[in-house]
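Residue 165 in the UniProt record's numbering sits at position 165 of the sequence shown, and the numbers go up by one each step. Take a look at the structure below.
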Amino acid sequence: MREVLDQELKNSLNATLNMIGTVERMYALGAEVLLSGNRQGLEQLRSIDREVDQMEAQIEADCLRVIALHQPVARDLRQLGLILKCLTDIERMGDYVVHVAEDSQDVVIPESLRPYLSRMMARLEEMSQSLRTALADRDVAQAEATVRMDDEIDDLYEQVQQDLITHLTSDPSQVTDALQLMRIGRAIERIGDHMENIAERVPYWVTGEHRF
Numbered sequence: 001m002r003e004v005l006d007q008e009l010k011n012s013l014n015a016t017l018n019m020i021g022t023v024e025r026m027y028a029l030g031a032e033v034l035l036s037g038n039r040q041g042l043e044q045l046r047s048i049d050r051e052v053d054q055m056e057a058q059i060e061a062d063c064l065r066v067i068a069l070h071q072p073v074a075r076d077l078r079q080l081g082l083i084l085k086c087l088t089d090i091e092r093m094g095d096y097v098v099h100v101a102e103d104s105q106d107v108v109i110p111e112s113l114r115p116y117l118s119r120m121m122a123r124l125e126e127m128s129q130s131l132r133t134a135l136a137d138r139d140v141a142q143a144e145a146t147v148r149m150d151d152e153i154d155d156l157y158e159q160v161q162q163d164l165i166t167h168l169t170s171d172p173s174q175v176t177d178a179l180q181l182m183r184i185g186r187a188i189e190r191i192g193d194h195m196e197n198i199a200e201r202v203p204y205w206v207t208g209e210h211r212f
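Take a look at the structure:
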């Protein structure tokens, strides 16, 4: 029975890593849609997001089945609990990428904002890779490093806000676009927050102690 449980736990973790990796595919495409207005890319993002939704439902069902059949305890149970709590974060990450792409369709992005938004999207990809490594290797230090990576995204979002305030001061008629751009920046920032949420749960899974 132990071998069966070990395989089930491995499968559940691999499925979760695959789900995170699927959302990770969306970041570069989302950046392309955001910065170039690629409408075909938007449809691709929506398609990938539906895959993520299906993954969420399957992984949740599998984890609940493992709990019911094997009644795991200690770190085994903590792993399944972590996965179940993370599913909503991962699913929301995909949703936010779609929101970014959708909101970018009817707005002109000022040249001054492009470097900030581009770097934010690139940082999400880097953060996702770090998060997957932390989970795959059960690496607490890597998880803590992932949490710190969100600081740059927060700083860039503040720069976006400041730039938009400057634009509004010089041209109040742009308030509609500014609000939409603020919403785009906020959506990107929220993706980083969701990854931070996941990373913060890793120490408890591995050690049984809360670090955050």
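For every residue, glycine included, the Cβ atom is placed at its ideal position computed from N, Cα and C.
Under three-state DSSP, which class holds residue i?
i	result
Leu113	coil
Arg211	coil
In the DSSP assignment, find the unbroken alpha helix (DSSP H) run with residue i in it and report its ends.
i	result
His194	Val175 to Thr207
Met93	Ala74 to Asp103
His70	Arg39 to His70
Asp155	Val140 to Ser170
Met26	Arg2 to Ser36
Please classify residue i as buried or exposed, where buried requires at least 16 neighbouring CB atoms within 10 angstroms.
i	result
Ile165	exposed
Ser173	exposed
Val108	exposed
Asn18	exposed
Met1	exposed
To the nearest angstrom, report how far apart residue i and residue j are at their CA atoms.
i	j	result
Tyr27	Met121	6 angstroms
Ser104	Leu135	32 angstroms
Gly59	Thr16	Reading off the sequence, residue 59 comes out as Ile, not Gly. For Ile59 and Thr16, the distance between alpha carbons rounds to 7 angstroms.
Ala61	Val175	45 angstroms
Arg114	Leu35	7 angstroms
Leu13	Tyr204	16 angstroms
Gly37	Ala101	8 angstroms
Glu196	Leu80	18 angstroms
Ile198	Asp106	33 angstroms
Asn11	Arg211	26 angstroms
For the pair the stretch 185 to 200 and the stretch 93 to 102, tell me if three or more CB-CB distances fall below 8 angstroms. They touch, by the three-pair rule.
Check whether the stretch 151 to 171 touches the stretch 179 to 187, counting contact only when three or more Cβ pairs, one atom from each stretch, lie closer than 8 angstroms. Because the criterion of three Cβ pairs below 8 angstroms is met, the stretch 151 to 171 and the stretch 179 to 187 touch.
Between the stretch 60 to 72 and the stretch 137 to 144, are three or more C-beta pairs nearer than 8 angstroms? No, the stretch 60 to 72 is not in contact with the stretch 137 to 144.
Any 3 or more C-beta pairs closer than 8 angstroms across the stretch 44 to 60 and the stretch 79 to 88: They touch, by the three-pair rule.
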